Amino acid sequence: MTTKQALYVSGLNVSFGNFAVLKNLSWTVDFGEVRGVIGPNGAGKTTLLDSLTGKTKYQSGDIYVKDTVSIKNLTEIEIAKLGIGRKFQKPSVFSGLSGFQNLEIALRAGHSRSIYQPKLTSRQREKIHETSELIGLSSELSRNAGTLAHGQKQWLEIGMLIIAEPSVILLDEPVAGMNSEERGKTAELISNIRGPNIAVVVVEHDMEFVGQVCDTVTVLHDGRVMIEGPMGVVQADPQVIDVYLGKEAASASSH
Amino acid sequence: MFQASEKAGILLALCGLLLIGATSLGFSTSQYAMNLIGQIAAFALLALSLDLLWGFCGILSLGHGLFFAIGGYLVAMHLVKVTFDATGTPPDFMLFMGWDSLPFYYFQLDSIAYLIVAIAAVTTVVSFVFGYVSFRSRVTGVYFAIITQALVYMVMLYMFRNDSGFGGNNGMTGFKEIFGMPASGSTTAAFLCGGSLATLGLCLYGCKKLVDSPIGQFMLAVREDESRLRFLGVNTVHIKLIAWCISAILAAMAGFLYVPQVGIVNPTILSPELSIEIAAWVALGGRGSLLGPILGAVVISGLKFILTGLAPDLWPFILATLIICVVIWSPNGLADTSSHVASFYRRLGSLTSIKGRSQP
Ligand SMILES: Nc1ncnc2c1ncn2[C@@H]1O[C@H](COP(=O)(O)OP(=O)(O)O)[C@@H](O)[C@H]1O
Ligand SMILES: [Mg+2]
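Line by line, the protein sequences give chains W and R.
Residues 0 to 254, numbered by numbering that gives the first Met the number 0, are exactly what the first sequence covers, in order.
Residues 0 to 359, numbered by numbering that gives the first Met the number 0, are exactly what the second sequence covers, in order.
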């Protein structure tokens, strides 16, 4: 069986009380893609990821992953088991454990049959080391994850996703708080992750970064898809300029 | 540190076995000392049980007295049954109720094997049902602590009733013999003390093995960030249930060891005070280290034994002062004091080296 569509969202409505955050949102992501999602603060980007991962229940609409699987009645655990990995906006690693243990837990979690197996196989150890090289933390593996630098925590969390060999990776603001060198490394990491059997979604504020790593960009505004296309096209769109510059002008004048 | 807890476990178990061996060869010991050490060992096991749950899985229970009481009450029922079989008269509290024989649930409890199965079964069922319902509905943190406290309080109120068949407010006492030995005497005390030490040692060793195993790693992950673990596809209810039920069984074992040594069980072991005190042992000793809470239980309950005799009015103030001191100087508990000492020397060292450098 070959699947093409990684994510299919149709007519999605999410509201908190009377406050509608996502309004009749329809959106698709294909396998093999690296998709950017941008939009001003409060546009609903995180809420979209929350709906995709079962963190937030949606009022109406449908979400299908891997062409046919509806996640409507699934818990976040079941959704994760389908191969949907997510990095949170606030870096979430197991601070009291070493980098190695963080990756080990993610690896075991991704293979439900061997979750409590007493010893790692040599293949599994190799995989932890391979992943740590990919995320640039091979010399930091024995360090307590809580003591890693902010950027390193982000990479560790991404490592925890990829070690489970997911079909879909959702990254919520992966370069927030990073300097330009770290951004460069993250961009490289994302281009290493991409492949024909995986879909990567990058939610970001940083237009330049999104333009660098993503094929197609979705602009989310006020709970709806405003425009979708290659970065060059999106950036030149008067509506987008209006929304972004409008926000920036407003926040500049408030300072 | 970790290596240390394995060694300490083996050492404690050997001490206990040695004591049992020596006593059966006729070596005699002070009954008071044996009783004191044995009771403290039972408390230490109780502290270990809460530490496994709270320190390693991040679940605070303020109702662990419940499981301690399950072990304690069931062993007391066994002792009552044995006494009844020997004398033919039920205990006073039943005579007052006008009962001339034991209620049906004392059935077969004279057998020690049955007793052990009963303790294991009751503890597992109670902890599993309560844990499953709470963890599945995602009751966590302070809310979980509060409902465990409410649970132990509710059971205490029930056990205060005289018609429950468990001795009401006076509890159960007056046991004629304990596991085939005379109810009091230095030999009995030494055997019970040896058994308690050996059990504590084995449980410490087992807990060390558990926390180092993959399940232990997942327990730590639950403690650090349960939601992250769920979004990695792990059903954390399973891990929490494992930690909770094992912890409950350790607490029940502590109760099983404790009651024969004090010769009485009554609803005070179900009082919120005891359950909170267990948490104080663990917090003072250092949660998340296996030896720390054992040390905490030994220090605090040891001091309590001595001071409640010498200056009973002062005890609460001394305990409070101790807690404040530890919170101020060693927030991670007594187990962490060694690292404080080390960092003190490091600072001292860097001070002197700065001085040395500033000299021409
Ligand atoms: N759990 C919640 N309860 C109430 N309002 C929420 C909740 N989560 C998000 N919101 C609101 O939804 C809107 C979109 O939030 P979010 O998805 O985090 O935006 P973004 O990630 O695009 O900055 C914001 O106005 C936010 O205040
Ligand atoms: Mg957001």
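Every residue gets a Cβ at the ideal spot worked out from N, C-alpha and C, and that includes glycine.
A quick note: this is a predicted structure, and the numbers were derived from the prediction, not measured.
- Message: Do Ala108 of chain W and Val210 of chain R count as a contact pair if the criterion is CB distance below 7 Å?
- Response: As a first step, residue 210 of chain R must be located in the second sequence, where it is residue number 211. As a first step, residue 108 of chain W must be located in the first sequence, where it is residue number 109. Going by C-beta atoms, Val210 of chain R is not nearer than 7 Å to Ala108 of chain W.
- Item | Limits of the alpha helix (DSSP H) - the one that Ile134 of chain W falls within | Counted from its first residue, the first sequence places residue 134 of chain W at position 135. Taken as a continuous stretch (DSSP letters only), Ile134 of chain W belongs to no alpha helix (DSSP H), as it is neither H nor E.
- To the nearest angstrom, how far is it from the Cα of Ser4 of chain R to the Cα of Leu10 of chain R? Position 5 of the second sequence, counting from 1, holds the residue named residue 4 of chain R. Position 11 of the second sequence, counting from 1, holds the residue named residue 10 of chain R. Their Cα atoms are separated by approximately 10 Å.
- Message: Once DSSP output is grouped into helix, strand and coil, what is the label at Ser166 of chain W?
- Response: In the first sequence, counting from the first residue as 1, residue 166 of chain W sits at position 167. When secondary structure is reduced to three states using DSSP, Ser166 of chain W falls in the coil class, being assigned neither helix nor strand.
- Task: May I ask you to check if the CB of Phe87 of chain W is nearer than 6 Å to at least one heavy atom of ligand 1?
- Result: For the purposes of this step, residue 87 of chain W is taken as the residue at position 88 of the first sequence. The nearest non-hydrogen atom of ligand 1 is 6 Å or more from the C-beta of Phe87 of chain W.
- Message: Taking the alpha-carbon of Gly287 of chain R as reference, which of R:Asp335, R:Lys303, R:Pro266 has the nearest alpha-carbon?
- Response: Here residue 287 of chain R is taken as the residue at index 288 of the second sequence, counted from 1. From the listed residues R:Asp335, R:Lys303, R:Pro266, the smallest Cα separation to Gly287 of chain R is found for R:Asp335.
- Query: Looking at the C-beta of Tyr243 of chain W, does it have a partner C-beta in chain A at a distance below 7 Å?
  - Reply: Reference to chain A is not applicable here, since the protein chains of this structure are W and R.
- Message: Do Ile127 of chain W and Leu147 of chain W count as a contact pair if the criterion is CB distance below 7 Å?
- Response: For the purposes of this step, residue 147 of chain W is taken as the residue at position 148 of the first sequence. For the purposes of this step, residue 127 of chain W is taken as the residue at position 128 of the first sequence. No, the Cβ-Cβ distance between Leu147 of chain W and Ile127 of chain W is not below 7 Å.
- Using 8 Å as the threshold, is the region 70 to 78 of chain R in touch with the region 111 to 126 of chain R, meaning 3 or more CB pairs across them? Flag = yes, the region 70 to 78 of chain R and the region 111 to 126 of chain R touch.
- Item | Minimum C-alpha distance to Leu73 of chain R - residue among R:Ala112, R:Ile317, R:Ala43 | Counting from one through the second sequence, the residue named residue 73 of chain R turns up at place 74. The residue among R:Ala112, R:Ile317, R:Ala43 with its C-alpha nearest the C-alpha of Leu73 of chain R is R:Ala112.
- Message: Under 8 Å: do the region 167 to 184 of chain R and the region 300 to 315 of chain R share three or more Cβ pairs, one atom per stretch?
- Response: No: fewer than three Cβ pairs fall under 8 Å.
- Query: Roughly how far, in whole angstroms, is the beta-carbon of Gly205 of chain R from the beta-carbon of Ile19 of chain R, given that I think they are within contact range, below 8 Å?
  - Reply: Counted from its first residue, the second sequence places residue 205 of chain R at position 206. Counted from its first residue, the second sequence places residue 19 of chain R at position 20. No, Gly205 of chain R and Ile19 of chain R are not in contact; Cβ-Cβ is about 19 Å, not under 8 Å.
- Query: What residues in the region 109 to 124 of chain W have a beta carbon less than 8 Å from any beta carbon of chain R?
  - Reply: Listed in sequence order: Gly109, Ser111, Ile114, Tyr115, Gln116, Pro117.
- Task: With ligand 1 as the reference, list in chain order each residue whose Cβ lies under 5 Å from any of its heavy atoms.
- Result: Those residues are W:Phe15, W:Val20, W:Asn40, W:Gly41, W:Ala42, W:Gly43, W:Lys44, W:Thr45, W:Thr46, given in chain order.
- Roughly how many angstroms lie between the CA atoms of Thr235 of chain R and Val221 of chain R, to the nearest whole one? Sequence index remark: in the second sequence, residue 235 of chain R carries index 236 (1-based). Sequence index remark: in the second sequence, residue 221 of chain R carries index 222 (1-based). Those two C-alpha atoms are separated by around 7 Å.
- Task: Starting from the N-terminal side, write out each stretch of the alpha helix (DSSP H) that is 4 residues or longer and does not extend beyond the region 69 to 131 of chain R.
- Result: Qualifying alpha helix (DSSP H) stretches, in chain order: 91 to 95.
- Query: Grouping DSSP H, G and I as helix and E and B as strand, with all else coil, what is His220 of chain W?
  - Reply: Translated into the one-based positions of the first sequence, residue 220 of chain W becomes position 221. It is a strand residue.
- Task: Provide the residue span of the alpha helix (DSSP H) that contains Arg229 of chain R, from first to last.
- Result: Here residue 229 of chain R corresponds to residue number 230 of the second sequence, with the count starting at 1. Taken as a continuous stretch (DSSP letters only), the alpha helix (DSSP H) holding Arg229 of chain R covers 213 to 229.
- Item | Proximal chain R residues relative to Gln100 of chain W, where beta-carbon distance stays under 7 Å | On the first sequence, residue 100 of chain W is found 101 positions in, with the first residue counted as 1. Here the neighbours are Gln216.
- Task: Identify each residue in the region 199 to 225 of chain R for which the Cβ-Cβ distance to at least one residue of chain W is less than 8 Å, and report them in chain order.
- Result: Here the close residues are Ser212, Pro213, Ile214, Gln216, Phe217, Leu219, Ala220, Arg222, Glu223, Asp224.
- Beta-carbon neighbours of Arg227 of chain R, restricted to chain W and to distances below 8 Å: Your numbering for residue 227 of chain R matches position 228 in the second sequence. Within 8 Å Cβ-Cβ: Phe87, Ser91, Val92, Phe93.
- Message: Do Leu48 of chain W and Asp214 of chain W count as a contact pair if the criterion is CB distance below 7 Å?
- Response: Residue mapping note: residue 214 of chain W aligns to position 215 of the first sequence, counting from 1. Residue mapping note: residue 48 of chain W aligns to position 49 of the first sequence, counting from 1. Here Asp214 of chain W is not near Leu48 of chain W, since their CB atoms are 7 Å or more apart.
- Task: Could you check what DSSP says for Ala198 of chain W in three-state terms: helix, strand or coil?
- Result: Locating residue 198 of chain W in the first sequence gives position 199, where the first residue counts as 1. Looking at Ala198 of chain W - three-state DSSP - the assignment turns out to be strand.
- For Ile104 of chain W and chain R, any beta-carbon pair shorter than 7 Å? Within the first sequence, numbered from 1, the residue matching residue 104 of chain W stands at position 105. By this cut-off, Ile104 of chain W is an interface position.
- Task: Tell me where the beta strand (DSSP E) around Gly284 of chain R begins and ends.
- Result: Looking up residue 284 of chain R in the second sequence gives position 285. Per DSSP, Gly284 of chain R lies in no beta strand (DSSP E) segment; the continuous alpha helix (DSSP H) that holds it begins and ends at 271 to 284.
- Item | Min CB distance Gly232 of chain R to chain W below 7 Å | If you number the second sequence from 1, residue 232 of chain R lands on position 233. Closer than 7 Å to some Cβ of chain W, the Cβ of Gly232 of chain R qualifies, so yes.
- Item | Short-range partners of chain R found in the region 59 to 81 of chain W, where Cβ spacing is below 9 Å | Those residues of the region 59 to 81 of chain W that come within reach of chain R (Cβ to Cβ, closer than 9 Å) are Thr74, Glu75, Ile76, Glu77, Ile78, Ala79, Lys80, Leu81.
- Query: Based on Cα-Cα distance, which residue from R:Gly164, R:Ile327, R:Ala85 lies nearest to Trp423 of chain R?
  - Reply: Residue 423 of chain R falls outside the range modelled here, since chain R spans only 0 to 359, and no answer is possible.
- Taking Cβ positions, are Leu16 of chain R and Cys202 of chain R nearer each other than 7 Å? Working through the second sequence from its first residue, we reach residue 16 of chain R at position 17. Working through the second sequence from its first residue, we reach residue 202 of chain R at position 203. Not in contact: Leu16 of chain R and Cys202 of chain R (Cβ atoms no closer than 7 Å).
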